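A.B. asks: Numbering (full-length UniProt numbering), first residue to last: 1 to 143.
Note that the Cβ used here is the ideal one computed from N, Cα and C, for glycine as well.
Quantities reported herein were computed from a predicted structural model and do not represent experimental measurements.
Right, I'll just put the structure down here and ask away after.
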């Protein structure tokens with residue numbers, strides 16, 4: 001399987017397995033192998049980043065959290081918490097998906113339910129970072 005090199009300075013030690021013609025990647029948070037989709041490839045980079053580079057514990061990371069938005073059940077890709085409080089909401093898209101104002105608005109709507117101080121919209125190649133302050137999002141570039 002050909003996987004794109006994503007925009008992370010670090011390289012991570014992923015575990016893969018193949019079953020028939022499908023590839024799976026090991027999720028350190030859920031402690032199980034998941035089907036390796038382009039979006040999952042992006043999410044696993046962020047999981048490894050927060051566990052190895054930022055030294056968060058696996059209990060601080062929540063994946064596929066269900067929320068109800070306008071009567072519809074949705075799932076957030078990755079939520080970083082500190083003492084169970086939501087801090088960073090990460091919405092992952094496949095590398096070939098363009099990050100647009102529309103995809104950012106989707107992430108912001110999810111965050112209206114979650115209430116994280118920061119959101120990251122990413123396709124693994126590009127990342128949009130924003131803090132929520134004084135009722136609006138302030139975009140920034142991380143150092």
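What did DSSP end up calling residue 68 once you bin it into helix, strand or coil?
C.D. replies: Residue numbering aside, residue 68 sits at position 68 when the chain shown is read from its first letter. Looking at residue 68 - three-state DSSP - the assignment turns out to be strand.
A.B. asks: Report the rounded CA-to-CA distance for residue 40 versus residue 135, giving the unit in angstroms.
C.D. replies: The count along the chain shown starts at 1 and reaches residue 40 at position 40. The count along the chain shown starts at 1 and reaches residue 135 at position 135. Going by the C-alpha atoms only, they are around 31 Å apart.
A.B. asks: Please work out which residues of its chain come closer than 6 Å, Cβ to Cβ, to residue 94, disregarding the five sequence neighbours upstream and downstream, and give them in chain order.
C.D. replies: Taking the chain shown and counting its residues from 1, the one referred to as residue 94 is at position 94. For residue 94, where only same-chain residues beyond five positions count, the Cβ hits under 6 Å are 38 and 39.
A.B. asks: Below 8 Å on the Cβ atoms is my contact criterion, and I expect residue 120 with residue 97 to pass it. Report the Cβ-Cβ distance as a whole number of Å.
C.D. replies: For the purposes of this step, residue 120 is identified with residue 120 of the chain shown, where counting begins at 1. For the purposes of this step, residue 97 is identified with residue 97 of the chain shown, where counting begins at 1. Not quite, the Cβ-Cβ distance comes to about 15 Å (not below 8 Å), so this is no contact.
A.B. asks: Taking the CB atoms as reference points, tell me whether residue 77 and residue 64 lie closer together than 9 Å.
C.D. replies: The residue you call residue 77 lines up with position 77 of the chain shown. The residue you call residue 64 lines up with position 64 of the chain shown. Closer than 9 Å, so yes.
A.B. asks: Report all residues from its chain with a CB closer than 8 Å to the CB of residue 75; omit the five preceding and five following residues, and keep chain order.
C.D. replies: For the purposes of this step, residue 75 is taken as residue 75 along the chain shown, with counting starting at 1. Non-local beta-carbon contacts of residue 75 in its own chain, meaning distances under 8 Å to residues more than five positions away in sequence, involve 64, 65, 66 and 67 in chain order.
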